[in-house]
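Protein chains in written order, with the numbering used here: chain A, 1 to 337; chain B, 1 to 291.
We put the beta carbon where it would ideally sit given N, CA and C, even for glycine.
Quick caveat, the model's predicted, so the values are computed rather than measured.
The block underneath contains the structure these notes are about, expressed in structure tokens.
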């Protein structure tokens, strides 16, 4: 049974120009110990999705529909108190800006103790022990607990924040671009750390990133998001080897490939559409080099084309041909926006 | 809690050793506080007493063994006046600074944290406070409440929190957007807890800076108001001494022993406030600590 199941989740923003449908009907399941990566461009609703899941939405956001099931409870229907019980203890978050996530005027130890004493109900000694163990677990010297956040380097801060997220033994961690602000070497170390930790502690994880190589390294499953919708989802291997959706193909083109170092990186022209008046039909159609007339009229459903591999595109056959075409620069230059 | 207090003292101690300016500031404060407390012991005479030798009043005496700083045109001992003058200065300075810090910080924290309507209302009140000129306001208060040094404290509590409130609010606006605050909110911390436990320590150095500047401001204002002749005639302050010297034309007579000492005292106390404010940032903000 799925640990967390998200069904048709919608999160809209109330803006001056109208309602922006930032997350428009998203579904996925997360099993115990499994990890899923949400991938997509900036502004396609990745962060909003997880904010909707743990209900930490901005003031002008609301959730008009959907269901987020966690251990037989619908998170969207919980009261604020019940939610507080659940956050951090069951679902913890590694925030996007680790640099900013520690209060600069308290030592890191104080911040650990506060969470563990107030939310975890541990005694002070237990909490101290646990904080030290967590620090060891993420590869930090327990001595550093007595330091202030400015005495940590970027990578150390990220590790400390991960340890802090694990303070109350959550079942799921949500990592919102946990390595974006770090240099590649530290990125690699942290990702490895996260992967090891997940294995050791049996954690489930939702990872948000726009970097497809990050999910390739850490996640079992991938959901590719575009303009508030999932356009393709499946296991990492399925998606990285056999992308079905032109958008996924485009994304893969935009990242360097070790096997073809000579290859030019190709970007997808244009930007995601406005979510206040999303285009009729497939939302990717205006930027899609393979779009047919029907794409602009009818919105394709997410269909299972392979066991566990879904895609929302009219193309079901001859995908090999599409994939090889998608690797050519000319294909993507044809689109006029 | 005990440990925090001990730590704070340790910090203050190490910091004073490192920061010569703050050390000087603290020493000046301690010096004047002691003088204010022990004024009756230190001062050789009653500052109001008119001295005479036989039937002759000791007017305008230059400094001598008997009168260390000479006497006024009414034969009063200037050194005793100077010693007693420390009392109103420090009283006004510290009580005004206290209100400025408390009111300004609270207004800034609440306006910055809640934003929206609360913010608009508080900031419009701040704008009104900014619109009122300070010294004339004190003089008007004297008109309503009668001359007293507490007018200055009242006026500062009513008006001078405005700068602190604005600056604190701006700082709170940036702190409240940081993710550790969002994290606290999401994990169920109450508004009050967020304001006072998570945000306040981040902006305290600023409040202290403004507080120590306010000490100087208050003493300066008291001196100015007394110099203009709106002070309490019963209380001898440094400003009163300057006013007395001015009115009796000590300046044109070159009676430097009359007007220079109170001027120096005012300057020293105001300076000390600034030095301490400059250093308090370091105690309270771990980032600036030297290792």
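For residue 142/A, the CB contacts under 7 Å within the same chain, skipping 5 residues up- and downstream, are 132, 135 and 136 in chain order. Closest in alpha carbon position to residue 154/A, among 170/A, 178/A and 172/A, is 178/A.
In this model, residue 253/B and residue 132/B are separated by some 38 Å (Cα to Cα). Looking from the CA of residue 156/B, the closest CA among 270/B, 10/B, 73/B and 222/B belongs to 222/B. Proximity of chain A to residue 198/B at the Cβ level (cut-off 7 Å) is accounted for by 103, in chain order. If you ignore the 5 residues before and after residue 44/B, its C-beta comes within less than 8 Å of the C-beta of 68, 77, 79 and 80, all in its own chain and listed in chain order. Apart from the 5 residues on each side of it in sequence, residue 172/B sits with its Cβ closer than 7 Å to the Cβ of 108, 109, 112, 113, 199 and 203 in its chain, given in chain order. It is roughly 26 Å from the alpha-carbon of residue 295/A to the alpha-carbon of residue 48/A. Apart from the 5 residues on each side of it in sequence, residue 140/A sits with its Cβ closer than 8 Å to the Cβ of 156, 159, 160 and 163 in its chain, given in chain order.
Where residue 309/A is concerned, the enclosing beta strand (DSSP E) starts and stops at 309-311.
Put simply, the backbone Cα of residue 121/B is about 54 Å away from that of residue 249/A. If you ignore the 5 residues before and after residue 13/A, its C-beta comes within less than 6 Å of the C-beta of 20, 22, 60 and 61, all in its own chain and listed in chain order. Cα atoms of residue 260/A and residue 216/A: separation of roughly 17 Å, rounded to the nearest angstrom. The Cβ atoms of residue 279/A and residue 43/A do not sit closer than 8 Å to each other. Distances from the CA of residue 26/A to each of 301/A, 16/A, 326/A and 332/A were compared; the closest alpha carbon is that of 301/A. For residue 8/A, there is no enclosing alpha helix (DSSP H); the residue is found in the beta strand (DSSP E) stretching over 4-15. Taking a beta-carbon distance threshold of 8 Å, residue 178/B counts as an interface residue toward chain A. Beta-bridge partners of residue 28/A (DSSP): 6/A. Between residue 84/A and chain B, the shortest Cβ-Cβ separation is below 8 Å.
Between the alpha carbons of residue 176/B and residue 145/B lies a gap of roughly 41 Å.
The bridge partners DSSP lists for residue 72/B come to none.
Under the 8 Å criterion on CB atoms, residue 74/A is classed as non-interfacial with respect to chain B.
Measuring C-alpha to C-alpha distances from residue 138/B to each of 274/B, 262/B, 228/B and 49/B identifies 228/B as the nearest. Residue 254/A has no beta-bridge partner at all, per DSSP. Collapsing the DSSP output to three states places residue 223/B in a helix. Inclusion of residue 269/B and residue 93/B in the CB contact set at 8 Å is warranted, their separation being smaller than that value.
With a threshold of 16 other beta carbon atoms within 10 Å, residue 191/B falls short and is exposed. One thing to note: residue 225/A has its Cβ no nearer than 8 Å to the Cβ of residue 6/A.
Listed along the chain, the chain B residues whose CB falls inside 7 Å of the CB of residue 88/A are 187. Put simply, the CB of residue 18/B is far from chain A, with every gap to its CB atoms at 8 Å or more. The shortest C-alpha to C-alpha distance from residue 112/A to any of 77/A, 187/A, 128/A and 211/A is the one to 128/A. Of the candidates 282/A, 267/A, 310/A and 66/A, the residue whose Cα lies closest to the Cα of residue 235/A is 310/A. Among the CB atoms of chain A, none fall inside 8 Å of the CB of residue 277/B.
Within the DSSP bridge table, the entry for residue 91/A names 87/A and 172/A as partners. Here residue 290/A carries a coil assignment [DSSP, helix/strand/coil]. Under the three-state reduction of DSSP, residue 223/A is assigned to strand.
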